[in-house]
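Step one of this worksheet: look at the structure below.
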Amino acid sequence: DMESLFHDEGIFHTRIAAATYGGGNDMGRGLSPAGRELLRESIARNGVELLASKDIEDAIASRMTFYEEAGRGRAYKLYVNVGGGVASVGNRHNKTLLPGGLSFDLKAHNWPRKGTLILFADKGVPVVHLLRITALARAHGLPVAPDYRPQPGEGEIFVREMYRWPLAGAFLVVYCLLCMLVLAPEIRRGLFDRLGRRRTAAVGLLLALGLAWAPGAQAADKWVRQEPESGADAICLHSQGQDFDYFLLDADSGPHYRVTGPRRVKVIVRQIDVVEAGKFSVAIDLDGAEVVRKSFAAEPHPEVMVCGGEEMATALRRIYIDVPRGTHDLNIRGYADAGGIACRLFRQSKRQTSGSVPFAPEGYEELATLQFESGKQSTYYRFRAGVPLRFSVSGPTTLELYTRLDFERGMLGSQKYNIEVVRDGKVWRTFHYDATRLANAFYPQHLEILPGARKKLRISVPAGRHDFEVRCVRPGNCGLTAQIRIPRKDLQGRP
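Shown next as structure tokens:
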């Protein structure tokens, strides 16, 4: 709407060509149905094409198809991405791999998933990546949400105070000469006595360091609670015979934290003053950009109460966030139809260097969502005997491949199936499995297919870049879903 106004007034001379819902998986997840309807109406009344999608892979593919058709055979000169939209960057873990600013050639990485930004870079198109806008503004001396209107030309980006280093260096030399002239007799006097004292202090320091690194000294908790910097009202909750301090959330603002990465952060949330079952949502912003929005079922827990009151709260719910390298601003907001929402934040005491992340293949039949009765969902990739699973990866590393056999309704007992792994065009290994049906899960898109129990295999990747295919060779008409995971430390890859 604002763009249309600017265009009609002659301020803008270009128009938006297409739009998406944004939000979770670029499908508007995390927004209410009313919010998505408002977006749909805004897109329609401004005559903009809506790029709708059914999943994140479809969102990336539809964007690339649109760019190809809109380009009409002409080569793109630049691709600009602002923010951390998953359809553009591909995966939240890519945010730690993508360099900020202008890049003419992205380094080779094991991208967990390639978004439109990376796909354009693969075609040789220069890319501009702008993320963590708040940090960029502060780095260049620009005010963030100021109470006044800055005048054009003000700020450190235009004018910066600097020292005259040659003059400062000359005065430093003069100062050092004066110090040597005045203090030289005192320095010579008792020099050996001071050296002896320093040797004793050094031995004590080494002993202290040895004790600090002893196994007993490392028995600290894995998670450390962190207090907010500002914007938080405290509330006391009583659970399991203890009192805990929480901080209240609302839809517009919430507690503000400063977190230094790379490390993992855990947020514990509860809804307060719950009378009957319902739902509540929590959104987390990292450097001004929303990175997580989750909804939870709200059921009162009889053993969790407000201190000194009768209001009940829900059981705790956990949200985990991977914070990239550097210092970042983290804000938490909450949405509930009734009652309030409270949170506590914990940071990992040791910076995260291990663990694995999902790795998206380049070739498969379709994306499959596996949903459990608990409500938890997992993303799998379906492939069949004639449509193998294909991906490329740089080693050395070890991939974990989880597969599930498709069961038809009515099939009982166990079923045998064989998987063949092909590396660089040659059969590497063949794996044999005996699978049973999984009773507490289903595929929402294909209710006629039931998932099998998960089977795990490891794929060793030697040094260099390698192409892999995973095929189902028995039975002949078998269908499988797969999930690939790669160690986080190996995302950097090697050329």
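Using our numbering, read the sequence shown as starting at -4 and increasing by one per residue.
Built from N, CA and C at the ideal position, the CB exists for glycine as well.
Only a predicted model underlies this, so the values are computations on that prediction, with no experimental measurement involved.
Handout entry: Endpoints, alpha helix (DSSP H) assigned at Gly66
Key = Segment Ile51 to Gly66, the alpha helix (DSSP H) holding Gly66.
Handout entry: Whole-angstrom distance between Leu243 and Asp228, CA atom to CA atom
Key = Roughly 6 Å separates the two Cα atoms.
Problem - Where Arg313 sits in the DSSP three-state scheme - result: Under the three-state reduction of DSSP, Arg313 is assigned to strand.
Exercise for the section: Measure the Cβ-Cβ separation of Val122 and Tyr74 and say whether it is below 9 Å. Expected result: yes
Exercise for the section: Kindly confirm or deny that the stretch 383 to 392 and the stretch 442 to 459 touch, where touching means at least three C-beta pairs closer than 8 Å. Expected result: yes
Handout entry: Among Lys484, Leu26, Asp419 and Met22, the one whose alpha carbon lies nearest that of Pro257
Key = Lys484
Problem - Bounding residues of the beta strand (DSSP E) (the contiguous stretch that carries Met300) - result: Pro295 to Val301
Exercise for the section: For Phe386, write down the residues that DSSP places opposite it in a beta bridge. Expected result: Phe463
Exercise for the section: Return the bridge partner residues of Gln487 from the DSSP annotation. Expected result: For Gln487, which the question treats as bridged, DSSP gives no partner whatsoever.
Problem - Length of the line joining the Cα atoms of Leu442 and Ala434 - result: 13 Å
Handout entry: Rounded C-alpha distance that separates Lys274 from Leu33
Key = 22 Å
Problem - Distance between beta carbons of Thr111 and Arg58, contact taken as under 8 Å - result: 5 Å
Handout entry: Distance between Ala140 and Ser(-4) (C-alpha atoms, nearest Å)
Key = First, the amino acid is wrong: residue -4 is Asp here, not Ser. In a straight line, the C-alpha of Asp(-4) is about 22 Å away from that of Ala140.
Practice task
Could you tell me if Gln213 is buried or exposed, where buried requires 16 or more neighbouring beta carbons within 10 angstroms of its beta carbon?
Solution key: Note on Gln213: pLDDT 40, under 50, position unreliable in the model; the coordinate value appears next. Label assigned to Gln213: exposed.
Problem - Beta-carbon proximity check, Asn86 vs Pro107, cutoff 9 Å - result: yes
Problem - Helix, strand or coil at Tyr143 according to DSSP, with G and I counted as helix - result: Three-state result, Tyr143: coil.
Practice task
Look at Arg265 and Ala310 and say whether their C-beta atoms are less than 9 Å apart.
Solution key: yes
Handout entry: Identity of the residue in Gly381, Val277 and Ala103 nearest Arg24 by Cα
Key = Val277
Exercise for the section: My understanding is that Val262 touches Ile314, with C-beta atoms under 8 Å, so please give their C-beta distance in whole angstroms. Expected result: That belief holds up - the Cβ atoms of Val262 and Ile314 are roughly 4 Å apart, short of 8 Å.
Problem - Assigned secondary structure, Trp106 (DSSP; H/G/I helix, E/B strand, else coil) - result: coil
Handout entry: Beta-carbon gap between Arg432 and Arg342 smaller than 9 Å
Key = no
Handout entry: Cβ-Cβ separation, Gln366 to Phe437 (assumed contact under 8 Å), whole Å
Key = 6 Å
Handout entry: Run of the beta strand (DSSP E) containing Leu34, from where it starts to where it stops
Key = From DSSP, Leu34 is part of no beta strand (DSSP E) but of the alpha helix (DSSP H) over Pro28 to Arg40.
Handout entry: Status (buried if at least 16 other CB within 10 Å, exposed otherwise) for Cys174
Key = When all chains shown are included, Cys174 counts as exposed.
Handout entry: Distance CB(Ala430)-CB(Lys411) smaller than 9 Å
Key = Their beta carbons are under 9 Å apart, which means Ala430 touches Lys411 by this criterion.
Exercise for the section: Might you give, ordered along the chain, the residues of its own chain that have their beta carbon closer than 7 Å to the beta carbon of Gly474, omitting 5 neighbours on each side? Expected result: Arg377, Arg379 and Asp401
Problem - Contact set for Asn105: own chain, Cβ-Cβ below 8 Å, skip 5 residues either direction - result: Phe354, Val388, Ser389, Thr392, Ile481, Asp485, Leu486, Gln487 and Gly488
Problem - Where Ser369 sits in the DSSP three-state scheme - result: coil
Exercise for the section: Round the Cβ separation of Asp324 and Asp282 to the nearest angstrom and send it over; I've been treating them as touching at under 8 Å. Expected result: 5 Å
Exercise for the section: Return no unless some Cβ of chain C is closer than 9 Å to the Cβ of Glu464. Expected result: The chain labelled as chain C is not found in the depicted structure, where only one protein chain is given.
Practice task
Can you say whether His427 is buried or exposed, counting buried as having 16 or more other CB atoms within 10 angstroms of its CB?
Solution key: exposed
Practice task
Inspect the beta-carbon positions of Leu340 and Pro439 and report whether they are closer than 9 Å.
Solution key: Contact flag unset, no.
Handout entry: CA-to-CA distance, Glu361 to Tyr375, given in whole angstroms
Key = 9 Å
Handout entry: Start and end residues, beta strand (DSSP E) containing Thr255
Key = His251 to Ile267
Handout entry: Trp208 versus Asp317 - alpha carbon distance
Key = Bear in mind that the predicted position of Trp208 carries a pLDDT of just 48, short of 50, making it unreliable; the figure below should be weighed with that in mind. When rounded, the distance between both Cα atoms is 26 Å.
Exercise for the section: Answer yes or no: the CB of Leu400 versus the heavy atoms of the ligand MG, is any distance below 8 Å? Expected result: The model depicted lacks the ligand MG and carries no ligand whatsoever.
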